[in-house]
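Participant: If you're matching positions, the sequence shown starts at 3 in our numbering and goes up one per residue. Don't be surprised by glycine CBs; every beta carbon is placed ideally from N, CA and C.
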Amino acid sequence: MRWENLSAEPDDHGRTDPALFGADAVITRTFDTPEFRGITFHEVRARSILNRVPGASRMPFEWTVNPYRGCTHACVYCFARKTHSYLDLDTGLGFDSQIVVKVNAPELLRRQLGSRRWQGEHIAMGTNVDCYQRAEGRYRLMPGIIAALRDHANPFSILTKGTLILRDLDLLTDAARVTDVGISVSVGFTDTELWRTVEPGTPAPERRLDVVRTLGDHGIGCGVLMAPVIPFLSDHPAQLRATVRAIAASGATSVTPLTLHLRPGAREWFMAWLEREHPHLVRRYERLYADGAYAPKWYQRRITRQVHELAQEYGIGPARAGMPRRIREPEPAPPTAPEPTQLSLI
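#1: Mind checking which residues open and close the beta strand (DSSP E) that includes Arg31?
#2: Identify which residue in Pro157, Arg112, Ala254 has its Cα closest to the Cα of Tyr316.
#3: Provide the residue span of the beta strand (DSSP E) that contains Glu315, from first to last.
#4: Is it right to say Ala240 is buried, meaning 16 or more other beta carbons lie within 10 angstroms of its own, or is it exposed?
#5: Out of Lys299, Gly203, Ile101, Gly57, point me to the one whose CA is closest to Ile29's CA.
#6: Hey, out of Leu276, Cys133, Arg140, Arg152, whose CA is closest to Phe234's CA?
#7: In whole angstroms, what is the alpha-carbon distance linking Trp271 and Arg118?
#8: Can you list, in chain order, the stretches of the alpha helix (DSSP H) that have 4 or more residues and sit fully within the region 55-112?
#9: Specify, as a first and last residue, the run of the beta strand (DSSP E) that Glu45 falls within.
#10: Taking C-beta to C-beta, are Val187 and Val213 nearer than 8 Å?
#11: In the DSSP assignment, find the beta strand (DSSP E) that holds Pro259 and state where it starts and stops.
#12: Please report the distance separating the alpha-carbon of Gln135 from that of Asp34.
#13: Whole angstroms is fine: what's the gap from Gln308's alpha carbon to Arg269's?
#14: Under DSSP, the alpha helix (DSSP H) around Pro207 begins and ends at which residues?
#15: Go ahead and pull the three-state DSSP assignment for Gly146.
#16: Which value, in whole angstroms, describes the spacing of the CA atoms of Ile232 and Thr66?
#17: Could you check if Thr199 is buried or exposed, using at least 16 other CB atoms within 10 Å of its CB as the buried criterion?
#18: Take Thr204 and list the residues in its own chain whose beta-carbon comes closer than 6 Å to its own, dropping the five residues that flank it on each side.
#19: Beta-carbon within less than 7 Å of Ser236's beta-carbon, same chain only, minus the 5 sequence neighbours each way: which residues are those?
#20: How about the region 50-59 and the region 85-92: do they share at least three Cβ pairs that are nearer than 8 Å?
#21: Which class does Leu242 belong to by DSSP, given the choice of helix, strand or coil?
#22: Report the option in Arg243, Ala229, Arg286 whose CA atom is closest to the CA atom of Cys80.
#23: Could you pull out every residue in the same chain whose Cβ sits closer than 8 Å to the Cβ of Ala297, ignoring the five residues on either side in sequence?
#24: Taking a contact to mean a Cβ-Cβ separation below 8 Å, would you say Ala266 touches Thr306 in this structure?
#25: Taking only runs that begin and end inside the region 121-178, name each unbroken beta strand (DSSP E) of 3 or more residues, in chain order.
#26: So which of Thr42, His154, Val226, Leu211 has the shortest CA-CA distance to Gly96?
#27: Exposed or buried, Glu201, counting other C-beta atoms within 10 Å across all chains shown (16 or more means buried)?
#28: Which residues in the same chain have their Cβ closer than 6 Å to the Cβ of Arg179, if we skip the five residues on either side of it in sequence?
#29: According to DSSP, Ser186 sits in a beta bridge with which residue or residues?
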């Protein structure tokens, strides 16, 4: 495996390995528990945790923090699969089961935020792999990361499919008192049967919408990234309506649709899944994505228009996912108000 660019540890002579960092700098662990069976964790000490987004990127932010590589959510369409090949790891099953954990992420971020060169720019998290995937329940990197951002009053946003974010509710509320915090939850569809095959390691869509509802109950406005809309599987008008209706019922502040895109690495894995599960759609996908990773503009515009019309009908508006918003202070509840719904953190 190539571990270049991850090591922060010098050798005995004060030098960093110019090619890889030595095997002694990587701790490999497995855990014989049901939730982690078949998963290998590679614990590394990163050189840097702040990543600059390439200028040509379509992303509306310039800096990211990614404490993990690989993701047990195992979404068959995940665009980040290609990043595993940079470490000579498999982009299919390996991406789902070989998880790189940057164990020094919180302390490293705190140090970098304190640098005189850092200008306090917005930092986006969850933009590559989910920072609240199951591994976070064991490694607990996000509390230290959020605390560092809070202590430096540094604006940030989080995009997640993970209900584990509710564990850090108090920290998020504290951070929102001193800086701009944006939270978005990803829910592309509410079809339970489709969810089980496309996103097998994630909490169910309704559980994610419960997260939106609970955050709202605590004064944290939460948007929904309706992504991906999957051609011919979740894009029927009735499916779009059901999804937007459920998003609106959760109290989401916004809904932003994105159609499926198939970059190299993700494309091969997704098409192999499609061949197994929906072979009659393979030719249609080959035609729809003949010109590259993105669906044609006419298709993207059609989905966006339909979702925005439905959002307007149900009383929510579009927004740019991942951008910061000031969290409002929750209004005091009347004495007889029920407690917010409690979720199990899966």
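Facilitator: The answer reads as follows:
#1: 29-32
#2: Ala254
#3: Segment 299-316 is the alpha helix (DSSP H) holding Glu315; no beta strand (DSSP E) there.
#4: exposed
#5: Ile101
#6: Leu276
#7: 43 Å
#8: 84-87, 95-99
#9: 42-46
#10: yes
#11: 257-261
#12: 18 Å
#13: 26 Å
#14: 207-219
#15: helix
#16: 26 Å
#17: exposed
#18: His75, Lys163
#19: Gly190, Phe191, Asp193, Leu196
#20: no
#21: helix
#22: Ala229
#23: Pro233, Thr261, Leu262, His263, Leu290, Tyr291
#24: Contrary to the premise, residue 266 reads as Pro rather than Ala in this sequence. Result no, Cβ atoms of Pro266 and Thr306 do not sit closer than 8 Å.
#25: 125-127, 158-162
#26: Thr42
#27: buried
#28: none
#29: Leu161, Gly225
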